[in-house]
Structures are given as structure tokens and as C-alpha cells.
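These protein sequence lines are chains A and B, in that order. Read in order, the letters of the first sequence are residues 1 to 62 in our numbering. Read in order, the letters of the second sequence are residues 63 to 124 in our numbering. Backbone N, C-alpha and C define an ideal beta-carbon position, used for all residues, glycine too. Predicted, not measured: the structure shown is a model, and the values here were computed from it.
2 protein chains.
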Amino acid sequence: MCESHAYVLKEGKEEIFLENIDVIRPEEGGRLLLRSIFGEQKLFDGHIREMSLLKHKIVLEK
Amino acid sequence: MCESHAYVLKEGKEEIFLENIDVIRPEEGGRLLLRSIFGEQKLFDGHIREMSLLKHKIVLEK
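Laid out in C-alpha cells, this is it:
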């Protein structure tokens, strides 16, 4: 499976935000919509810092 | 393999921009750095419209 996990970078540490992400879609107002393969959705008020699909990792920051 | 392909949305049509993407990193100045699993790098002057990791698809737009 090719889903990734999203982490929020806070004070140099990565905290898990949402696992098993399929869809990422920037919304109006500068927020990111993240949706997991199970249909769970979360909005993140910030942006993508970096992602590696091979590492299955998305790093978010405010 | 879990890399994705990036397409640019132009006038309602999707044109391939870079294949087999591993890393996506927003750069200063509003550009996106995309790097393939083969080390090829391209800068895109725009943003992510939507991506689906399960569909291995990243849609970019200016």
C-alpha cells in the first residue's frame, strides 16, 4: 500500500497528525485537507514542509 | 513502488510534468521542488491542486 503518514513539526519534533493518507488537497484559506484510506478527514491549518513518497512520510508545519 | 506522477492542469487538460516522484518540497518564492526516484529534479512555479497517493497522482496548477 502506498498511503503515507502525516506529521506536524513542532519545536523540532514530529508529532503524528493523521495516518494512512490517500488524498491531500489544499483548501481556500490556506488549510490542507487530508483524507485517509479509511475515509477519515482532517484539516490542517498550515502547509507541507516536505514529503517523501518512498518514505511514506509527509511533514507539515504551521 | 509508491512513487507518483505529477501532471500540470492547463485549460482543463492534464499534461505530464515529471514521473516517478519521490520528494516534493515547497521552496521559497512559491515554487515546488519535485525529485524523482532517479534523482531528476524539476521546479514548478505554482502549487499542488490535489494529490492521491493511492492513484499515484499529483495534480499541479499555476
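Buried or exposed by the 16-neighbour rule on C-beta atoms within 10 Å, applied to residue i
{"i": "B:Phe79", "result": "buried"}
{"i": "B:Phe106", "result": "buried"}
From the options, residue whose alpha carbon lies closest to that of residue i
{"i": "B:Ile110", "options": "B:Leu94, B:Ile99, B:Gly101", "result": "B:Leu94"}
{"i": "B:Asn82", "options": "A:Leu53, A:Glu28, A:Glu61, A:Ile24", "result": "A:Leu53"}
{"i": "B:Gly101", "options": "B:Ile86, B:Glu76, B:Val70", "result": "B:Ile86"}
{"i": "B:Glu89", "options": "B:Glu73, B:Met113, B:Leu71, B:Lys104", "result": "B:Lys104"}
{"i": "B:Glu112", "options": "A:Lys62, A:Glu50, A:Gly29, A:Asp22", "result": "A:Asp22"}
Whole-angstrom C-beta distance between residue j and residue i, which should lie under 8 Å
{"i": "B:Cys64", "j": "A:His56", "result": "7 Å"}
{"i": "B:Gly108", "j": "B:Leu122", "result": "6 Å"}
Beta-ladder partner(s) of residue i, from DSSP
{"i": "B:Ile110", "result": "B:Leu122"}
{"i": "A:Lys55", "result": "Answer is none; A:Lys55 lacks a bridge partner."}
Subject >> Sequence ranges, beta strand (DSSP E) only - wholly within the stretch 5-30 of chain A, length at least 3 >> reply: Counting only runs of 3 or more, we get 13-26.
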